[in-house]
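Enquirer: My structure is below; once you've seen it, I'll send some questions.
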Amino acid sequence: MNTWLRDLFLPSAASIKAQSVDDLFMFILWLNIIFFILIAGLTILFCIQYKRRSANQKTAHIEHHTVLELTWTVLPLILCLIVFFWGFNTYMQAGVAPDGAMEIQVTAKKWIWSFGYPDGSVAIGKLWVPVNKPVRLIMHSEDVLHAFFVPGFRIKQDVLPNRYTETWFHATQVGDYVIPCTEYCGKGHSEMKAVVKVVSQQDYEKFLEEGDPDEKGLPPEKLGATLYVNLGCSTCHSIDGTKGQGPSWKGIWSAQHKMVDGKSFLVDENYIRTSILQPQQMIVEGFEGIMPSYQGQIRERQLVALIAYIKSLK
Amino acid sequence: MADVIASPAVHTGDHGHHADYLSDPQHKGIWSWMTTVDHKRLGVMYLWAVLLAFLVGGVFALLVRLELMNPGEDFMTAEQYNQAFTLHGAIMVFLFIIPSIPAALGNFVMPLMLGAKDVAFPRLNLASFWVYVAGAVMAVTSIVVGGVDTGWTFYTPYSTSTGGAVTMMTLSVFVLGFSSIFTGINFIATVHKLRAPGMGWFQLPLFVWGIYATAIIQVLATPVLGITMVLLIMERAFNIGIFDAQIGGDPVLFQHFFWFYSHPAVYIMILPGMAIISEIIPTFSRRTIFGYRLIALSSVAIALIGFLVWGHHMFTSGQSALAASIFSFLTFLVAIPSGIKIFNWIATMYKASISLNTPMLYATSFLLLFGIGGLTGIFLGALSVDIHLHDTYFVVAHFHYVMMGGTVIAFLGGLHYWWPKMFGRMYNETVARIACALVFIGFNMTFLTQFFMGSQGMPRRYYTYLDQFQPLHQFSTFGSWVLGAGLLIAAVNLMGALRGPKNAPDNPWGGTTLEWQTQSPPITHNFAGQPAIEHNPYDYRYFKVPSDAV
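First to last, the protein sequences are chains B and E.
So the first sequence is numbered by the numbering used here: it starts at 5 and just counts up by one.
So the second sequence is numbered by the numbering used here: it starts at -4 and just counts up by one.
This is the structure:
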C-alpha cells in the first residue's frame, strides 16, 4: 500500500535528498488520509444518523465542550509541529553542499539552460554529472526569473538575474532526469527544458575529454538534427513551416530573408553562422530580436552540423 | 416564553402592507438603481457584476483546460495560452472572488443581520461599486488593447520587460483595491455602530464575524498592493530601478510586497466562505452552533496570523533559511484555527435535525473539499517537501480546492440560501441538487488529478507537457466540462426562478438570524420597526420554526 501510494504520487527517487523528502511526504500523506476519513466519515455519518425525520424533531443544545475543543486544538497543533520540525530538519540538512562537491556554473536565459564545467567547457541543454558524487550548482539568470527543478532529485531553486543562487544534489542512480523550468518566463517557458545525464565516473571523464558521446560519429546532418533539440533551437524554430517565436527552418536554405530594417540577405553558410553567434545583427521581418547569442557556447563542429541540417530541410 | 427572537415590531404576518425594495414605487427606473444607496440594491448590482466576472473567468478556464487536452499546440499559440491563464487568474481573483461574498452577499445580508437600516456609509458603498466598475472596465480594456501575459502575480522582471497592456492591468488592480478598501471601512463601521439593541459582540451572527475579520484585512493589506502596483507602473514608465535587476533593483523585493498583500488576500477570499458555512450548518441542523466563541475568535486569529506567513510563497526564491523557517512555522500555526472550525461545524451536526436542502448540500461539499484543500496545505507548509512541490500542479490543485472547493462552493451555498430572501422566489430544488452534485463530481475530476501530476513533477503555467502526463490532463479537461455543466445548470435554475411568482416564505429554512424575521424580499428600510435581540443566534430553544418552512 505504502509503495503503491508512493509510486502514485512521486517519481522514482534518484538522489540522497529524495529519500528523506519522500519519507516526510508519505508521513503527511497518511495524516491527510486519516484526517480526511475522519472528516468525511463524521459528516456523512451525522447526515444519515441525524437526518430530519419530523418537522419538530428535538435537537440537542450543546454550546461547547471544553475537553473536546482542546483536543482538536492541541492534537493538530502537535502533529503540525512534528511536521514543521521534520521539514525544517531535512531542509537544513539539504541546504549546504558538502565540502569537495564538484561545482558547475548554471546560466539560464530565455529559454535555454547552459552548464559551465570545472574544465572551462560549456554544454547547452545537458548537464553531465558522475553518479554518487555531490554536485554544487551556482546559478544565475541573464534576463528574467527562471527556476531549476529536477523532480527526480526533489530539488528546486529560483534563478535570479541580480545574484547567484545555489543548490546541490547527490545522484544515486544512473539515468536521464528532466529539468523543467518552473518559474514562469514567457512564451518558451514550457519548452525550456534540459536534462541531467547521470553517468558513471568513467563515462563522465570520457565526456570531459571527448565531448558528448551522443554527438560522436554522426554525420553532420544527423548531428544537426540532434543539436536542434538539445541546444533548444526547437523551442522557437519549427521544421515543418509553422511560425514560432522565430522563423521556421523549413525550406529557408538559399532563400532571401527580408530584415526588419528593410535589407535582404541570402540564407547561406555565413548568414546562419552569424544568426547563431550574433543573432541581434539580423532580425527577420515579423519577428522580435529575442534570440540569445551562442557565442562561446557552441563548438565549430556543431555549427557546421546545424548548417548541414538546415540545408537538408527542404 | 418568547416564541421568536425578534421583537414584536417585526413579527411576521403583517407583511404585504409594505412594498419590497425591488418594487418600491418611490424608487423606480434604471436611474434609481444606478444612484441607489440602498445596501440591498447595491448588493444585487454587485452580484450581477461578480457573476459576469465569474462567467468570463470561467470561460478562460475552460479554454486553458481545452488547450491542455494534448501536448503541443491545439488551438492556441503559447502566447495566447499565457494570456488566457493570466486573465483567468486575474479576473477570478480581483474581479470575482475578492468582491464576491463580502460585496455581494455581505452587502445585502449583513445590515439585515444586524437589524440595521443600511450600512454606516451608504454613499461610500455606492462609490465602492462604481470604483469597482471602473476598475473592471480598465481590466477589460487591457485585455482588448494588448493582452497581458504576466500571470496574475505580475512577477518582476518579466512584468517590467514584457509588452502588452501590463500597465493598464496593474492600474486596474490599483483601482479595484480602493473599491475593496471602501467596502472594508464601511463594514467595520457598520458592525461597530449599527448593531440592534441587545446585540453584543457575542450575539453577532457568525457571518458577521467572518465579514468583520475580512474587512480588517481588506483595510490593512490592500494599500500595500496598491503601492506595489504603483511602483510597478513607475518602474515600467520611468525605469526607476526598484525591481528590475538590469537597473539595480531586486526582483525578489516585488515578491515580498506582492505576497504581503496577496497572502492575506487568500483569507479575504476564504473567511467569508467560512462565514457562510457557519450560517448554513446550524440553520439546516436546527441546532445551536457548537463552539460559537471559538469559531468567532478563530476568524480573527486567522486574519491576524495571516499577515505573517507571506514568505511561504517564496521558499525557493532565495530568501534566507532563517526567514523560510519562521514562515514555515507560522504557516503551521495559521492552519490550527481553520481545523478548529471544521471540527466545530461537524460537531454542530451531532444530535441535530439535518435536512439536506441545496444550501446544506453545498455546505457538506465544502467540508469535504475545503478539508482536502486545508490538509494538502500541510505538504506545502513543510519546507523540504515544498521545495519539491512549489510551482507545480500540486499547488494549483491545492489552491483550487481552497478557493473553488472552499470559497466558490460556499458562495454557491450562500446564493441558494439567501436567494429566496433576496428575490422572494424559490428555485427548483431538484434541479439545484443535481447541479450541486455535478459541480462536486466535476470539480474533483478536474482537480484531484492535478495533485498526482504535480507531485510527479508537472510544472504550472505550462502550455505543453511531457507525454507521460497526457491521460491525467485529459481526464482533468473532461472534469472541467462536467463542472461547467453543473455551474450552468445552477445559473439557469436560479435565474429562471426570477421569472416566476414571488412565492418564497419570509423564513423558508427556519433560520434564527434577523434577516429571516423580515419579509422576503425585505422592505426598503429592512424592518418595519427597530428589532431587538433577546437571545443568542442559533438558539432553537427559544425559536419557533414557522410552519411554512421547508
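Glycine included, each C-beta is placed from N, C-alpha and C at the ideal position.
#1: Which chain E residues are close to Q61 of chain B, counting only those with a beta carbon under 7 Å from its beta carbon?
#2: I need the straight-line Cα distance from F182 of chain E to V132 of chain E, nearest angstrom please.
#3: Interface residues of chain B around R282 of chain E at Cβ under 7 Å?
#4: What's the C-alpha gap between V143 of chain E and W90 of chain B?
#5: To the nearest angstrom, how far is the alpha carbon of S194 of chain B from that of A160 of chain E?
#6: I need the boundaries of the alpha helix (DSSP H) containing A347 of chain E, first residue and last residue.
#7: Pick helix, strand or coil for T151 of chain E, following the three-state DSSP scheme.
#8: Ordered along the chain, which non-local residues of its own chain (more than five positions away) have a Cβ less than 7 Å from that of L433 of chain E?
#9: So with Cβ pairs under 8 Å, would you call M90 of chain B a contact of chain E?
#10: Where does L317 of chain B fall in DSSP's three states?
#11: Can you list the residues of chain B that G146 of chain E reaches, using a CB-CB cut of under 9 Å?
#12: Any beta-carbon of chain E closer than 8 Å to the one on I314 of chain B?
#13: Check each residue of the segment 369 to 390 of chain E: if its Cβ is closer than 8 Å to any Cβ of chain B, include it; give the result in chain order.
#14: According to a CB-to-CB cut-off of less than 8 Å, which residues of the segment 402 to 431 of chain E neighbour chain B?
#15: Going by beta-carbon coordinates alone, are H468 of chain E and M71 of chain E separated by less than 8 Å?
#16: Which of the three DSSP states, helix, strand or coil, is assigned to H22 of chain E?
#17: With a threshold of 8 Å between beta-carbons, can I335 of chain E be considered close to chain B, or not?
#18: What residue does the alpha helix (DSSP H) around K188 of chain E start on, and which one ends it?
#19: For F552 of chain E, which residues in the same chain have their Cβ closer than 8 Å to its Cβ, ignoring the five residues on either side in sequence?
#20: Can you tell me whether F124 of chain E is helix, strand or coil according to DSSP?
#21: Mind the definition here: the segment 136 to 156 of chain B touches the segment 97 to 112 of chain B only if three or more C-beta pairs lie below 8 Å; say whether that holds.
#22: Please report the distance separating the alpha-carbon of K315 of chain B from that of K226 of chain B.
#23: Would you list, in chain order, the members of the segment 310 to 328 of chain E that have their beta-carbon closer than 9 Å to a beta-carbon of chain B?
#24: Cα-Cα, which of E:G301, E:Y127, E:F249, E:I272 is closest to N339 of chain E?
#25: Which residues in chain E have a C-beta closer than 7 Å to the C-beta of T176 of chain B? List them in chain order.
#26: Give the single residue among B:I142, B:G236, B:A127 whose Cα lies nearest to the Cα of F211 of chain B.
#27: For V(-1) of chain E, count the other beta carbons within 10 Å of its own beta carbon; 16 or more makes it buried, fewer makes it exposed. Which is it?
#28: Hey, is the segment 118 to 131 of chain E in contact with the segment 201 to 216 of chain E, meaning 3+ C-beta pairs nearer than 8 Å?
#29: Could you tell me whether the Cβ of D113 of chain E comes closer than 8 Å to any Cβ of chain B?
#30: Does the Cβ-Cβ distance between A44 of chain E and H83 of chain E come in under 8 Å?
#31: Whose Cβ in chain B lies nearer than 7 Å to the Cβ of L351 of chain E?
#32: List the residues of chain B whose Cβ lies closer than 9 Å to the Cβ of G286 of chain E, in chain order.
#33: List the residues that DSSP assigns as beta-bridge partners of A112 of chain B.
#34: Alpha carbon to alpha carbon, how far is T77 of chain B from I382 of chain E? Give it in angstroms, no decimals.
#35: State the DSSP-derived secondary structure class of G300 of chain B, mapped to helix, strand or coil.
#36: Could you work out which residues of chain E lie near T94 of chain B, taking near to mean beta carbons separated by less than 7 Å?
Expert: In short:
#1: S348
#2: 25 Å
#3: T63, A64
#4: 41 Å
#5: 23 Å
#6: No alpha helix (DSSP H) contains A347 of chain E, which DSSP labels as neither H nor E.
#7: coil
#8: V477, A480, G481, I484
#9: As written in the sequence, residue 90 of chain B is Trp, which differs from the Met given in the question. Yes, W90 of chain B lies at the interface with chain E (some Cβ there is under 8 Å from its Cβ).
#10: coil
#11: Y188
#12: no
#13: L370, T371, I373, F374, G376, A377, L378, S379, V380, D381, I382, H383, H385, D386, T387
#14: none
#15: no
#16: coil
#17: yes
#18: 161 to 188
#19: Not covered by the structure: residue 552 of chain E. The range shown for chain E is -4 to 545.
#20: helix
#21: yes
#22: 12 Å
#23: F310, T311, S312, G313, A316, A319, S320, S323, F324, T326, F327, L328
#24: E:I272
#25: Result: empty, since nearest Cβ-Cβ is about 16 Å, beyond 7 Å.
#26: B:A127
#27: Summary for V(-1) of chain E: the model assigns pLDDT 45, below 50, so the residue's position carries little reliability, and this model does not support an answer.
#28: no
#29: no
#30: no
#31: C51
#32: E67, H68, H69, L72, E73
#33: B:W117, B:S145
#34: 28 Å
#35: coil
#36: S379
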